[in-house]
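Let me begin by presenting the structure, written as structure tokens, before commenting on it.
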Amino acid sequence: MAGWQLPEEVRQMPGSSLFDSLHQLARLLRILRANAEDLVRELARLDDVDTMLAIWKRDEPQQLENYLDGVERRLYNFAAAVHSRVDYYRVLVNSGHIDGALATEYRRRCDVAFTNEPVHLWLLGLRGYMLHYRLPRSLARMNLSRQDGTVSSPFVMRSHVTVMTVEMVNYSGFKSRTKHWMRENPEIDLREELSGYLVRLDEFDQWFGRAFVEHHAIALEAYLAAREEAIRSRFSYPLD
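Here the sequence shown is numbered in the working numbering, starting from 420 and rising by one per residue.
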């Protein structure tokens, strides 16, 4: 199909831009998920005792530094993907693709899931912060605790990465409510904060994909039928 385009009348159908927009959103969300999985996987490396002890070798401090650099790089990629996701949803709103009942429910769900969600707002400001500054010392903490909290249970060794958010409050790119949250949470466990946020993110995006298709079902179905017919007409040849 190289060099061939759909007929102009098909490309001008309302469903064409809707289909392209949905395809682009799906691509951005795949990138976001890949970045999230990469970051979570790197944080989870500390669950392996051998890996954790290798990183924490006192006579090889560069191992820990290299690990934290890797976490920071992955965190930046994820924050950038979160920002791109927000930007593209805004494009959908401005293009009129999110309208009517879909717009009402979209705004309601955004308010519930993101408008006052501190981790979400922190990540949106974080991309700009990390363009100019290094994270205020990402720290890896190691501790011993009982496996199930009882005195008789065995000890387990755990390690996690924390960020000193209180040292970031003077950056102008953070909203006032985000700064308030950082003051109240001067040190955050990165893995713990991200786990709940990723669940909410996935729930919202799964809902939106289904709702978007349902809201624009007639236009999308008409476009896909015309698209299929145009392709069949162009590339189907009589046997005789």
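Heads up, the beta-carbon is just placed ideally off N, CA and C, and yes, glycines get one too.
Keep in mind it's a predicted model, so treat the numbers as computed, not measured.
Inter-residue distance for residue 602 and residue 537 is about 12 Å (C-alpha atoms, whole angstroms). Residue 608 has 581 as its beta-bridge partners, per DSSP.
In this structure, the CA atom of residue 518 is about 8 Å from the CA atom of residue 512.
Apart from the 5 residues on each side of it in sequence, residue 541 sits with its Cβ closer than 8 Å to the Cβ of 584, 593, 597, 600, 601 in its chain, given in chain order. Taking 8 Å as the upper bound for CB-CB distance, residue 649 and residue 433 are not in contact here, some 16 Å apart. In this structure, the straight-line span from the alpha carbon of residue 609 to that of residue 582 is close to 7 Å. A residue is called buried once 16 or more other Cβ atoms fall within 10 Å of its Cβ, and residue 472, having fewer, is exposed.
Taking each of 548, 638, 505 in turn and checking the Cα distance to residue 532, the smallest one comes out for 505.
Inside the region 470-532, DSSP marks whole alpha helix (DSSP H) runs of 4 or more residues at positions 480-513, 519-529, from first to last along the chain. With distances taken between CA atoms, residue 613 lies nearest to 462 out of 435, 424, 462, 624.
Between the C-alpha atoms of residue 632 and residue 442 there is a straight-line separation of about 11 Å. Residue state for residue 618 is assigned as helix, using DSSP reduced to three classes.
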